[in-house]
Amino acid sequence: MNIIRSVKEMKEWSGQAQGRIGFVPTMGYLHEGHLSLVKKSKISCDFTVASIFVNPAQFGANEDLSSYPADLESDKEKLEAAGVDVLFLPTRNEIYPEGYKTYVNVEEITERLCGKKRPAHFRGVTTVVVKLFNIVRPHIAFFGEKDWQQLIVIRTMVRDLNMDVIIEELPI
C-alpha cells in the first residue's frame, strides 16, 4: 500500500492511474463497515484509494475535535490487509492551508435533522468532500447508508456542481 501525504503527489498519482479509481473517504478509527466499502471498491474499480482525515471544519464550537478517536497504526494495517492501493493521509495544513476562506454549502437539507443541531457540520463535510474529490479524482466514491443525511447532502452537491463522480452507497 502506497501512503501519500501531499496534495501534489496524490494528484500526480491519480493523473497517471490507468483505470477506474474507487475512493473511500474516512476520518479513521476504521470498523467493518469501512472495510466493506473498501471491498466493494476493490470489486468495482481497478484501484482503491482510502483517505484518513479528521476534518476540523465539520466540528462545531461545542464539539471536541481533540477527543475524536484515532488508531492510525491499526487503520493502516486494516487498509493494507483489505488491499487498498493508496492511503491518502494529508495533514490539516495540506487540506486547509493558512488563509483558507472557501467553503461549500448545500442549503435547506443541511438545516434539518442533524444539521439543525450542528449548523456548521455539513458545510465542513461538503467542503472537505469536494476538496478530496478534486484531489483524488475518483470515478466512484463509496459511502455508508448509516449516515443517511450526509449521503443525501453529498449526492445533492455532486448533482448541483456537475461533478464527474458516481456516489455508491452500501448498507453499513
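Numbering (this note's numbering), first residue to last: 6 to 177. For every residue, glycine included, the Cβ atom is placed at its ideal position computed from N, Cα and C. Here the structure is a predicted model, which is why all the values come from computation and not from measurement.
Within the continuous alpha helix (DSSP H) that includes residue i, where are the two ends?
{"i": "Glu-82", "result": "77-87"}
{"i": "Ser-19", "result": "12-21"}
{"i": "Phe-127", "result": "126-141"}
{"i": "Ile-177", "result": "Here Ile-177 belongs to no alpha helix (DSSP H), and DSSP marks it neither H nor E."}
At which residues does the beta strand (DSSP E) containing residue i begin and terminate?
{"i": "Ser-41", "result": "Run containing Ser-41: none in the beta strand (DSSP E); it sits in the alpha helix (DSSP H), 37-49."}
{"i": "Leu-156", "result": "That residue, Leu-156, is in no beta strand (DSSP E); its alpha helix (DSSP H) goes 153-165."}
{"i": "Asn-7", "result": "7-9"}
Can you find the residues in the same chain that come closer than 7 Å, C-beta to C-beta, to residue i, ignoring five residues on each side of it along the sequence?
{"i": "Met-168", "result": "Phe-138"}
{"i": "Glu-85", "result": "Met-6"}
{"i": "Asp-69", "result": "none"}
Taking 6 Å as the limit between beta carbons, can you name the residues of its chain near residue i, skipping five residues before and five after?
{"i": "Gly-33", "result": "Ile-57, Ala-75 and Asp-80"}
{"i": "Ala-87", "result": "Leu-40 and Val-43"}
{"i": "Tyr-73", "result": "Val-59"}
{"i": "Pro-30", "result": "Ser-56 and Leu-137"}
Whole-angstrom Cβ separation of residue i and residue j, contact assumed at under 8 Å?
{"i": "Gly-149", "j": "Leu-42", "result": "7 Å"}
{"i": "Val-12", "j": "Glu-99", "result": "5 Å"}
{"i": "Trp-18", "j": "Val-91", "result": "6 Å"}
{"i": "Val-2", "j": "Ile-145", "result": "The requested residue 2 is not part of the displayed model; the chain covers only 6 to 177."}
{"i": "Ile-172", "j": "Ile-157", "result": "Going by Cβ atoms, the distance from Ile-172 to Ile-157 rounds to 10 Å, so no, they are not a contact pair."}
{"i": "Lys-16", "j": "Ile-140", "result": "6 Å"}
{"i": "Phe-28", "j": "Pro-176", "result": "Rounded, the Cβ-Cβ distance is 19 Å, inconsistent with contact."}
Measuring CB to CB, does residue i end up less than 8 Å from residue j?
{"i": "Val-109", "j": "Val-135", "result": "yes"}
{"i": "Val-59", "j": "Ile-26", "result": "no"}
{"i": "Phe-127", "j": "Lys-45", "result": "no"}
{"i": "Thr-161", "j": "Ala-62", "result": "no"}
{"i": "Arg-164", "j": "Thr-96", "result": "no"}
{"i": "Leu-94", "j": "Ile-8", "result": "yes"}
Skipping 5 residues on each side, what residues in its chain have a beta carbon closer than 8 Å to that of residue i?
{"i": "Ala-22", "result": "Asp-51 and Phe-52"}
{"i": "Thr-20", "result": "Rather than Thr, the amino acid found at residue 20 in this sequence is Gly. Within the same chain, Gly-20 has close Cβ partners Arg-142."}
Could you please give me the residues that DSSP links to residue i through a beta bridge?
{"i": "Thr-53", "result": "Gly-27"}
{"i": "Ala-146", "result": "Phe-28 and Ile-172"}
{"i": "Phe-93", "result": "Ile-9 and Ser-56"}
Does the distance between the C-beta of residue i and the nearest non-hydrogen atom of the ligand FAD fall short of 7 Å?
{"i": "Asn-167", "result": "You won't find the ligand FAD in this model; it holds no ligand whatsoever."}
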